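Position 8 of the sequence shown, counting from 1, maps to 3 under my numbering, and the rest follow consecutively. The beta-carbon is built from N, C-alpha and C at its ideal position, and this holds for glycine as well. Computed from a prediction, not measured in an experiment: that's the story for all the values here. Working notes, beginning with the structure itself.
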Amino acid sequence: HETTHVTTHATTHETTHATTHATTHETTHVTTHATTHETTHATTHATTHETTHATTHATTHATTHETTHVKTHATTHETTHATTHATTHATTHATIHPTTHATTHETTHATTHATTHETTHVTTHATTHETTHATTHATTHATTHATTHATTHATTHETTHATT
């Protein structure tokens, strides 16, 4: 009777103490390691994928829009001026040179602006999403693993110790 009573009391006390200590230590270690690994992996993957996608999309959209707008504006203005001043020479010079220059300038400006805006937006969104996902996944996995490991280890150790 006394042996059973003392063993039960000691086992409960020691197991609780050891489990709490081991779980805290293991959970902190595993969570930190797993979170760092998963966050780095997910962020790198998502950023690369989203940046490539956003850049391609934004560049195509901006180039098409700005090229059409600039060509229409420059062609109309320069053609009117060139036709009035000197039909053959002015039309050829004004249409080809200003259009090429204006198109290049505007396209570069619009593409840079759109790409910067879209990349920042998509990267921020993707990073936040992936970080939250990876952290939740890693924390759940690490906590379950550490708790199971620590409880099993502590119970076995303390039961053997208390029983002996």
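Tell me the DSSP secondary structure of H72 in three-state form. helix
Exposed or buried, which one is T22 when buried takes at least 16 other CB atoms within 10 Å? buried
Distance CB(V25)-CB(A97) smaller than 8 Å: no
Any idea what DSSP makes of H(-4), helix, strand or coil? coil
What number of angstroms, rounded off, separates the C-alpha of A133 from the C-alpha of A41? 17 Å
Quick check on V65: buried or exposed, where buried means 16 or more other Cβ atoms within 10 Å of its Cβ? buried
What separation, rounded to the nearest whole angstrom, lies between the Cα atoms of T6 and T151? 10 Å
Considering Cα atoms alone, identify which of T10, H48, E33, T(-1) is closest to E118. Checking the sequence shown, residue 118 turns out to be Thr, not Glu. The option with the nearest alpha carbon to T118 is H48.
So the candidates are A145, T3, H52, T94; which of them puts its Cα closest to the Cα of T160? No answer is possible for residue 160: the residues shown for the chain start at -4 and end at 159.
Cβ-Cβ separation, T14 to A149 (assumed contact under 8 Å), whole Å: 5 Å
Entirely enclosed alpha helix (DSSP H) segments - the segment 103 to 151, minimum 4 residues: none
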